[in-house]
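> This is the structure I have questions about; it appears just below.
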Amino acid sequence: MNKINFYLLEYAYAYIKRNKNKNIFIVTVFTLLVALLSSVFFITTTVEHEMKERISYKPDIVVQAYKAGMQSSVDSALLDKLLEINGISSGHLRVEGTYDFRAKNRLFYLYGVAPFEDQEDPFIEQVLQNEALNSSQMLVSDSVKESMHQAYYDKYFNFIKPDGSLQKVFIKKSFPVHKRIELQNLILLDQDTLRKIFGYSENEGSDIALSVANKNELDFITSKIRLMLPNAKVVSKNDLNVMYEKLFDYDSGVFLSLFVIAIFTFFIIIYDKANGLSSEEKREIGILKAIGWRVEDVLHAKFYEAAIISFFSFFTGLLIAFVYVFIFKAPLLGEIFMHNTLLDIHTFNLDFYLELSYTLLIFLLSVPVYIAATLIPSWRVATLDADEVMR
Amino acid sequence: MIEIKNVSKIYDGNIVALQDINLRFKEGELIILKGVSGSGKSTILSLIAGLSKPTLGEITVDKKKISKLPDHFAASYRRDNIGIVFQKYNLIPTLSVTENVLLPLFPLNLPRELMKEKSSNVLQKFSIEHKANVIVKNLSGGEQQRVAIARANINDPKIILADEPTANLDEKLSLEFIEILRELKSKKRTIIIATHDPLFFDLDIVDRTVSIEHGKLL
């Protein structure tokens, strides 16, 4: 079987055409199975990949202050205290938070920018390049600008401060978020202006972002801060990774997929086995043997037959999944799979990302199984005496 | 030369198809195996073709023990030495005439030109070349039999086995088949025909008629 025999390949193809109805059924089930599983894996791996990328832009550790179970502002004195911990290389007070834009029933994400401060997120760094903001200016995403425009705020917006007074901030420029859909609610403005909007004093911020020199010590340092500040919420990058994986319920997705693949594959096998080889098929194998085909030749042709069906179905299923997930952005299935409200499928780009191991897993659980299910009954018949064709 | 020595064939442990058969066929002979349905004619053909093995006894073809050949070698032996014409033709109905005729050669993966040449020669020989690309199921009974004969001869075999070859043919087509046999005999092929058609019994080309009844030679 080391050289392609095109005669046997043509014979196998003719055989498939002869048993059109049965094979159309198998190809349909097989293709749908691969398409469904590949879609699930495409969604899970792509979203996981995007999430990991997003987490990589986050600070190593974020410390939030809590009072009576409610998040409160943090003082710069706390930052000085944290910077004394061995292993923390740098840190800064951040001013950020959401703002309820009631006119359009939308939450804006406000992020305070301090002059000459480096940004962890390369996208924000890029937006701020050559854009010095004064205290009455802001940069808004195109989407935010559109929402403001719909509420007739074309040049500026009046933020309502906690005391009820207004803080007028002019729109300096808008920026496209491109693939960073999760940042479509972003507004960048001067840190001190944002303090006024949130009602913070000069030394206060919404949280503290810390960098750790040795990433292997991240968990150790995080637990150290937790011990030091029992009232604070301390979130590390590692915690975020674990949290997102739990939210996404990734493991159960994989098990669900394996369960589905097993059911469908068995369905195909059972269909094939229940039918076994028809008397026509048995007779044909008998004829082939009578005219000089060896058992290997019969199996060679049967292998081609199963390979044509399984490879065609596998790659068609893969193509359907690709188009469904990466071109149509997984309608229905994406929402079903991302049922958790904390993960909104619409904030993910679903840009093409292929985790080869999962594609290989689907391949191994479907194609060789189908080929074996075709070859075994044929081998059984082919090894019997072929004299029935003479009787 | 084909030699059948003390051959018995028992199916499913108790159905005796052949009982202590001894036969010899010389090269170039045309032999008729005569007998009613179920007498054991087809079983003899199937044993000579190596399609099944005798329960007892031994079959040799050109001093080779066919009855002991493992399946792998039996298939090669058939491909190189035997041409079989089945009663119901046993063609693949959805393949073309050319494809059916070339079917025994498919596993050999020969070059296309050689395959084309072989099919063209054999189709011409059996006057079916004008139907070369027709799907077999669209042919008449006589034409299908010509295809079956052409397929049996694609390898230029030394031995031709025919099982009730005229059972599905009218008289005219049966006579045509006899003409084909005449031609094959002139080429020194050993031909063994299992039949109960009286048309064969008095033919000048027939060297011998062997009668079988209930698995025994008469």
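So the protein sequences, as listed, match chains S and X. Going by the working numbering, the first sequence opens with residue 3, and the numbers climb by one from there. Going by the working numbering, the second sequence opens with residue 4, and the numbers climb by one from there. The beta-carbon is built from N, C-alpha and C at its ideal position, and this holds for glycine as well.
#1: Whether or not the segment 46-55 of chain S and the segment 215-227 of chain S are in contact is what I'm after, with contact meaning three or more pairs of Cβ atoms, one per stretch, closer than 8 Å; do they touch?
#2: Is the CB-CB distance between S:Gln169 and S:Lys106 below 8 Å?
#3: Can you check which of these residues, X:Met4, X:Ile162, X:Pro168, is closest to X:Lys66 by C-alpha distance?
#4: Secondary structure at S:Asp156, three-state DSSP: helix, strand or coil?
#5: Given S:Leu35, which residues of its chain have a CB within under 6 Å of its CB, disregarding the five upstream and five downstream residues?
#6: Can you tell me where the beta strand (DSSP E) with S:Asp82 in it begins and where it stops?
#7: For the putative contact between S:Phe125 and S:Arg182, defined by C-beta atoms under 8 Å, what is the C-beta separation to the nearest angstrom?
#8: Closest to X:Pro57 by CA distance: which of X:Leu21, X:Glu179, X:Ile35 is it?
#9: Tell me the residue span of the beta strand (DSSP E) that contains S:Lys19.
#10: If the cut is a Cβ gap below 7 Å, which residues of chain X does S:Ser20 touch?
#11: To test your reading of the DSSP string, which unbroken beta strand (DSSP E) runs of 3 or more residues are found completely within the segment 89-161 of chain S?
#12: Starting from X:Gly154, find everything on chain S with Cβ-Cβ shorter than 9 Å and list it in chain order.
#13: Compare the C-alpha of S:Ala292 against each of X:Ser99, X:Ile34, X:Val88 and name the closest.
#14: Residues of chain S with a CB under 9 Å from the CB of X:Asn171: which are they?
#15: Helix, strand or coil: how does DSSP classify S:Met245 here?
#16: If you measure between the beta carbons of S:Val142 and S:Ile173, is that distance less than 8 Å?
#17: Which word fits S:Arg104, buried or exposed, when buried means at least 16 other C-beta atoms lie within 10 angstroms of its C-beta?
#18: Could you work out which residues of chain S lie near X:Ile195, taking near to mean beta carbons separated by less than 9 Å?
#19: Just how far apart, CA to CA, sit X:Pro73 and X:Lys190?
#20: Compare the C-beta of S:Asn240 with all C-beta atoms of chain X and state if any pair is closer than 8 Å.
#21: For a test of the three-state rule: what should DSSP assign to X:Tyr80, helix, strand or coil?
#22: Could you name the residues that DSSP lists as bridge partners for X:Lys37?
#23: X:Ala135 touches chain S at which residues, Cβ-Cβ below 9 Å?
#24: Would X:Ser49 be called buried (16 or more neighbouring beta carbons within 10 Å of its own) or exposed?
#25: Tell me, please, which residues DSSP counts as bridged to X:Ile152.
#26: Mind checking whether X:Pro110 and S:Asp299 have CB atoms under 8 Å apart?
#27: Within the same chain, show all residues whose beta-carbon is closer than 6 Å to that of S:Thr343, passing over the 5 residues directly before and after it, in chain order.
#28: Alpha carbon to alpha carbon, what distance is there between X:Met118 and S:Met3?
#29: Quick check: X:Ile194 and X:Ile152, are their CB atoms within less than 8 Å of each other?
#30: Does the beta carbon of S:Ala388 sit closer than 8 Å to a beta carbon anywhere in chain X?
#31: Which runs of the beta strand (DSSP E) spanning at least 3 residues fall entirely within the segment 159-189 of chain X, listed in chain order?
#32: Only counting the same chain, and skipping five residues up and downstream in sequence, which positions put a Cβ closer than 8 Å to that of S:Gly278?
#33: Relative to the alpha-carbon of S:Tyr355, which residue among S:Asn21, S:Lys163, S:Arg20, S:Ile45 has its alpha-carbon at the smallest distance?
#34: Measure how close the beta-carbons of S:Ile87 and S:Ile270 come, nearest whole angstrom, since I'm counting them as under 8 Å.
#35: Assess contact between the segment 227-243 of chain S and the segment 64-77 of chain S, defined as three or more Cβ pairs (one per stretch) separated by less than 8 Å. Is contact present?
In brief:
#1: no
#2: no
#3: X:Met4
#4: coil
#5: Phe266
#6: Element bounds for S:Asp82: not the beta strand (DSSP E) but the alpha helix (DSSP H), 78-84.
#7: 5 Å
#8: X:Leu21
#9: Here S:Lys19 belongs to no beta strand (DSSP E); instead the alpha helix (DSSP H) covers 8-20.
#10: Note on residue identity: the sequence assigns Arg, not Ser, to residue 20 of chain S. Thr97, listed in chain order.
#11: 90-96, 98-103, 108-115, 139-143
#12: Position check: residue 154 of chain X holds Arg in this sequence, whereas Gly was assumed. Simply Ile293.
#13: X:Val88
#14: Residues of chain S passing the Cβ test: none, with the nearest at roughly 15 Å.
#15: Judged by DSSP in its simplified three-state form, S:Met245 adopts helix.
#16: yes
#17: exposed
#18: Neighbours of X:Ile195 on chain S: none; closest Cβ ~12 Å, over 9 Å.
#19: 30 Å
#20: Not closer than 8 Å to any Cβ of chain X, the Cβ of S:Asn240 fails to qualify, so no.
#21: helix
#22: X:Thr198, X:Ser214
#23: Neighbours of X:Ala135 on chain S: none; closest Cβ ~16 Å, over 9 Å.
#24: buried
#25: DSSP, once it has assigned bridges, lists no residue as partnering X:Ile152.
#26: Yes.
#27: A caution first: S:Thr343 carries a pLDDT of 44, below 50, which makes its placement in the model too unreliable to give a value.
#28: Any reading at S:Met3 is ruled out, since the residue's pLDDT is 49, under 50, leaving its predicted position unreliable.
#29: Judged by their CB atoms, X:Ile194 and X:Ile152 are not nearer to each other than the 8 Å cut-off.
#30: yes
#31: Counting whole runs of 3 or more residues, the segment 159-189 of chain X contains the beta strand (DSSP E) stretches 162-166.
#32: Pro379
#33: S:Ile45
#34: Wrong, their Cβ atoms sit about 60 Å apart, outside the cutoff.
#35: yes
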